[in-house]
Amino acid sequence: MTGSGDLPAKGKTPDPLRARAEEQVLTTPPDRGELERALHELQVHRIELEIQNEELRAAEAAHEATARRYRDLHDLAPSAYLTLDRGGVIIDVNRAACALLGAERRDLLGRPLARFTDAASSPLLRRCLAAVQARDGRQSCPLGLLPVVGAPLEAHLEAVALTGVDGARASLCALNDLSAERRAERASAAKLAAEQASAAKSDFLAQMSHELRTPLSGVYSAIELALLEELPAKATRYLEVAQTAASDLLALVGDVLDFAAIEARRIELTDRPFALAEALEGSLAMVREAALRKGLGLTLELDPRAPQQVRGDRRRFKQIIINLLSNAIKFTEEGTINVAFGPADEASSDPGRLSFVAVITDSGTGFDPALAEAIFAPYTQGSTDHYIRHGGTGLGLAIVRQLVELMHGRIWAESQVGIGSVFRFIIELGRVDGVCAGERVESATEATVESATVEGVTGPLRILLVEDDPVSQLVAAELLRDDGHEVIVADNGEVALPILERSSAQGGFDLVLVDHQMPRLDGPGLARIIRAGTLAQVPPDLPIIGLSALALRDDRDERDVCIDAGMDECLAKPLDRQRLYQTLAALAKARSDRA
C-alpha cells in the first residue's frame, strides 16, 4: 500500500480520483508509523468511494432526465407510435396512438393490435410483423383501423425491429391516419368524374341539339308548306295548331339547350361591333306578332345619349331582351309593354367599356314581391297558378340572369300583384371609337335584308342547296322553287365540290345555300374551300348562306362559326319563308348593283 507521501512509480500516470481524495485528507508526516499510514490510506479509499457514488448518482440522474425527455418526446409526438412484442401485443403506446385508437393507455397495453383492425387487415399485420422479426428491417402495410371510439379509419403502418437488453425482440411501429388523404383523393376522383360527365353531357347535348332541332324544324317547315296549299278550313285550322305546338316545342328545346350550355360554361360571348338601335328594334320585331295577337302595345325608348355602335355579343344581347319581352307578354293580358334603354349612371371600371341600363315595364298580373329573387332560379314559376295558366319551363329568366352576369352586369325585378312588373338590368358593352378596316359590323347584312322586299329579286336564281337531311332538303327546295328559283341538291359538302366545278359550263351558280353540320364535309369547310379560290371556274366571292339550328358547338354560336368561315349570312332553322325571300332579294339586288 502506498502512503500519501510516496511518489508514484516512474512512468506511471497519477490516478486523478486518488489525487482528489488525498486533497481532502490531512497530510501524514513521514515519521509516523505504519498504522497511521494505513489509516490514512483507508481515509483516501473512503473518500474515493464517496466521490464515485456521487458521480454515479449524477450519471443516473442525467440518464433519468434523458429518458424522461425521450418519453416526453415519444408521448407528445404528433405521430402515433406503438411498441409491439413478438406476438403483436401492445407493450407501449404514445398519446397520439391512444387518440387514434380511441382508448386510454391502460386499455391498450397488453392487448393485440389486431383487436383494433378490420378482418381484412389482420393477416396483413401478421405478415408484416413476422417479416420485421425475420429480416430485422423496415416493413409496412395498409391497415383498416376500428377505434374503440370513433369511425373506422384508413391507416398505414411502418415497423422496425427492436432488441431489448434482455435480448427480447419487439417492433417499433408508426401509424399514419390516411383517412383525410383518401377522402380528398376520392373527392378529387369524384370531381374529375363529374367534370367528365358534364363534358360528356355537353357533347351529348351538342349532338342532340342537331338531332332534335333538325326534325322539329322539318315538322314546322313542312306544316308551313302545307299551309301554302288550298285546304279545307278545318284542315288549315288543325295545321295552324300543329305549327304553333311545333314552334313552342322548338322554343322549349332551345331554352333547355341554352341553359345546359351556360350551366356547363360552354358559352363564350363574341366581341364584335353591332348597331345598338337595330339590335333593340330587331328584338322587338321578333315578339311583336305575339304582342299583337293579345292586343298589347309594344314601345321602345332609346336614350339619345346612347352610342350608335357598341361591341359585344349581339345575338346574346338580343336574347336577353327577347326573353324579358316574351315573359312580359306571357303574363300581360292588356295594356302596353315598354322597353327603355340608355347609358347607366354608374361608370364601368374598365375604360374600354360602357355601362347601360334597361328597364322593361309591363301592366301584367305581377307577382308577390317576396318572389323577386326566386323567379330567376331555374325551373321556377311565379306561382303554381301561373304555371297552370301560362305554362313554360321557368328557364327564360334563369338564362337571362346568366347572360347578364356574363356581360358583367346584374338584374333585378319589382312587382305588385295585379298592377304589373318592372325588370331592370345593367350590363357592360365595349366602346366603338372606330371600326377597323375589314372588321364586320353585325346587323349590317340584316339591315339590308330587312329593308329588301321579295319583289326586289330581278330574276330567278340558280341555287346549289347542300343539305344532308331529307326533310330539310324537301322543305328548302320547295320554298325556293315556289319563289321561282332553280335548285340543285347535294347531300353534303364533298358531293357539292364536283357539282360546283362542273356548273361553270352552264353559267355557274348564283348562290350556295349550305347546312352547317353535315358528315364528310360540313358547311364552314365548304365555305372555306370556295373562299380560297381553289375550285376551277368557281368565283371565290360566290354568295354563300348558311343554315343552322344555332346549337352548341365548341363553346361558340354556330352563326359566328359560319360567318368566320366566309359565309355572307346564316339563317336559323326552321327556315322562315319571309326571311329567306328577303335574304335572296338582298343578294339579288347586290348582284344587280355590281352588274
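Heads up: the sequence shown runs through residues 0 to 594, numbered per numbering that gives the first Met the number 0. Note that beta-carbon positions come from the ideal geometry of N, C-alpha and C, so glycine has one too.
### Query
Alpha carbon to alpha carbon, how far is residue 511 from residue 519?
18 angstroms
#### Entry: Start and end residues, beta strand (DSSP E) containing residue 461
461–465
### Query
Between the beta-carbon of residue 216 and the beta-carbon of residue 573, is there less than 8 angstroms?
yes
### Query
residue 422 and residue 328 look like a contact to me (Cβ under 8 angstroms); what is the Cβ gap, rounded to whole Å?
Not a contact, Cβ separation roughly 13 angstroms.
### Query
Alpha carbon to alpha carbon, how far is residue 522 from residue 501?
19 angstroms
### Query
Under 8 angstroms, do residue 181 and residue 153 count as touching if we go by C-beta distance?
yes
### Query
Where in the segment 331–365 do unbroken runs of the beta strand (DSSP E), each at least 3 residues long, occur, reported from the N-terminal end onward?
335–342, 352–361
### Task
Step through the CB atoms of chain D and report whether any lies within less than 8 angstroms of the CB of residue 122.
Of the protein chains in this structure there is only one, and it is not chain D.
### Query
Which term fits residue 472, buried or exposed, when burial requires 16 or more other beta carbons within 10 angstroms of its beta carbon?
buried
#### Entry: CA nearest to the CA of residue 363, picked from 420, 129, 140
420
### Query
How close, in whole Å, do the beta carbons of residue 299 and residue 324 come, if the pair is a contact with beta carbons under 8 angstroms?
Between residue 324 and residue 299 the Cβ distance is about 10 angstroms, and since that is not below 8 angstroms, they are no contact.
### residue 587 - DSSP class collapsed to helix/strand/coil
helix
### Query
Near residue 285, what residues of its chain come up, given a Cβ to Cβ distance below 7 angstroms and the 5 sequence neighbours on each side ignored?
321
### Query
So does the segment 342–354 actually touch the segment 459–478, counting three or more Cβ pairs closer than 8 angstroms?
no
### Message
Under 7 angstroms: does the beta carbon of residue 303 sit that close to some heavy atom of the ligand ATP?
### Response
What this structure holds is no ligand at all, so the ligand ATP is not there to describe.
### Cross-strand partners of residue 84 (DSSP beta bridge)
169
### Query
How many angstroms separate the CA atom of residue 524 from the CA atom of residue 580?
25 angstroms
### Task
Please confirm if the segment 97–112 is in contact with the segment 135–153, defined as three or more CB-CB distances below 8 angstroms between the two stretches.
yes
### Message
To the nearest angstrom, how far is the alpha carbon of residue 418 from that of residue 398?
### Response
25 angstroms
### Query
Three-state secondary structure (DSSP) at residue 516?
coil
### Task
Can you tell me which of the three DSSP states residue 537 falls into?
coil
### Query
How is residue 290 classed by DSSP in three states: helix, strand or coil?
helix
### Query
Got a sec? Which residues, its chain only, sit under 6 angstroms from residue 402 by beta carbon, not counting five neighbours each side?
315, 319
### Task
Could you tell me the distance, in whole angstroms, from the CA atom of residue 266 to the CA atom of residue 78?
49 angstroms
### Task
Sort 231, 226, 269, 289 by Cα distance to residue 247 and report the nearest one.
289
### Message
Cutting at 7 angstroms between CB atoms, please list the residues of its own chain near residue 178, excluding the five before and the five after it.
### Response
152, 153
### Task
Please look up how many angstroms separate the CB atoms of residue 376 and residue 414, rounded, as I've assumed it's under 8 angstroms.
Not quite, the Cβ-Cβ distance comes to about 16 angstroms (not below 8 angstroms), so this is no contact.
### Query
What three-state label does DSSP hand residue 93 in the structure shown?
coil
### Task
Look up residue 410 in the DSSP assignment and give the residues it is bridged to.
424
### Query
From 143, 236, 257, 565, pick the residue whose C-alpha is nearest to that of residue 395; which is it?
257
### Identified DSSP bridge partners for residue 116
144
### Query
Straight-line CA distance for residue 615 to residue 405?
Residue 615 lies beyond the stretch modelled for the chain, which goes from 0 to 594, so this question has no answer here.
### Query
For the alpha helix (DSSP H) that contains residue 501, what are its first and last residues?
492–501
### Query
At which residues does the alpha helix (DSSP H) containing residue 308 begin and terminate?
No alpha helix (DSSP H) contains residue 308, which is instead part of the beta strand (DSSP E) from 308–311.
### Under 8 angstroms between C-beta atoms of residue 191 and residue 82
no
### Task
Sort 330, 253, 430 by Cα distance to residue 416 and report the nearest one.
330
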